[in-house]
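For reference, the structure discussed in these notes is given below.
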Amino acid sequence: MIRFVFAASRSAATALGRGSSTPGWAIIVVALSLAAWFAVLIPMADMDHGPGTSLHDLPMFLVGWIVMLTAMMLPSELNYIGAFAVLLRGRGKPTIERQRRMLSFIAGYGVAWIAYGLSAYLLDAAIRAADLKVMAWNRAGPYLAGTVLIGAALYQLSPLKHACLKGCRSPLSFFARYWRESDLGSVAMGFRHGLVCVGCCWALMGVMFAVGAMSLSWMALLSLFMFAEKMLPKGRKLTTPIAIFLGAMGLWIAFSPETAPLLKDPMMFASICNGR
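Take 1 as the starting number for the sequence shown in the UniProt record's numbering and just add one per residue.
Here it is as structure tokens:
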């Protein structure tokens, strides 16, 4: 099995090097991502109330989270999806089995990110239940939001970030090491890769919760960051510029939130709601 994976990896590398990047699956992934972006734009257009925006009840949050994942994360997975498709084709799998295995891999990947979303939701619910007045936006809120961004900037420079990013950019090495047969094996591979991806991007996604989970501008910006890191030829070198940007924005939000770009003032929406 290991011998096959290495041989298939070489074939996949050759095919990908010739530009055979499984255009059918690439089109499907891009179409799904675009559809998810349209689905996000319509309901979320008026839902961004800045930091502290409610995550709503759990079922609504999960639906929104899955749509956001499809919009934000799938495009940066084109390398993995393309490599997996080439490996399955090299193995001589029937078309229907290849499709089933591909969907199983994507499902496993999604499970890892859904687990992250549930953890974030439970943490948000616990903080809201504690009703800590000091965390209000007119008190320590800007400092806390800024701290999250600065923390994300520091994580960008950490060895764990770089190790996970390397894994996200090396699909053939991943499949050579962790290849599994069967649909369940594809789910397991997808889940394992999803955990590596969470390790790479959890801090960037955490920024979403700090600046407003429904912020379309931050959603687009963070999607661009994650795509660039994983997909561009020199993407690994972008971690430092992204860290500098996040650190600068964190300081800006902490000390002058009213002038910070890409940020809505939650106090404005609170006063509107109170005036009704």
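Beta carbons: idealized from backbone N, C-alpha and C, even for Gly.
Going by Cα to Cα distance, which pick from the options is closest to residue i?
i	options	result
Trp-37	Met-214, Thr-70, Gly-110, Phe-61	Thr-70
His-193	Gly-90, Phe-84, Val-63	Phe-84
Asp-183	Ala-35, Leu-32, Val-40, Phe-105	Phe-105
Val-196	Arg-177, Cys-168, Ser-223	Cys-168
Leu-118	Ala-243, Lys-161, Phe-209	Phe-209
Leu-251	Leu-74, Ser-170, Ile-150	Ile-150
Met-102	Met-219, Gly-82, Ser-223	Gly-82
Ala-188	Val-86, Arg-98, Val-111, Leu-32	Val-111
Phe-227	Cys-201, Arg-98, Leu-262	Cys-201
Cys-29	Ala-39, Met-60, Pro-75, Trp-65	According to the sequence shown, residue 29 is Val rather than Cys. Closest by alpha carbon: Pro-75.
If I'm right that residue i touches residue j with Cβ under 8 Å, what's the distance once you round it to whole angstroms?
i	j	result
Val-211	Ala-145	6 Å
Ala-140	Val-134	5 Å
Leu-55	Leu-216	So it is not a contact: roughly 16 Å between Cβ atoms.
Can you tell me whether residue i is helix, strand or coil according to DSSP?
i	result
Thr-239	helix
Arg-89	helix
Lys-234	coil
Lys-264	coil
Leu-172	helix
Met-76	Reading the sequence as shown, one finds Ser at residue 76 and not Met. Helix.
Ala-136	coil
Thr-53	coil
Met-214	coil
Thr-259	helix
Trp-179	coil
Along the alpha helix (DSSP H) that carries residue i, what are the first and last residues, could you check?
i	result
Asp-183	182 to 211
His-162	159 to 168
Gly-117	95 to 130
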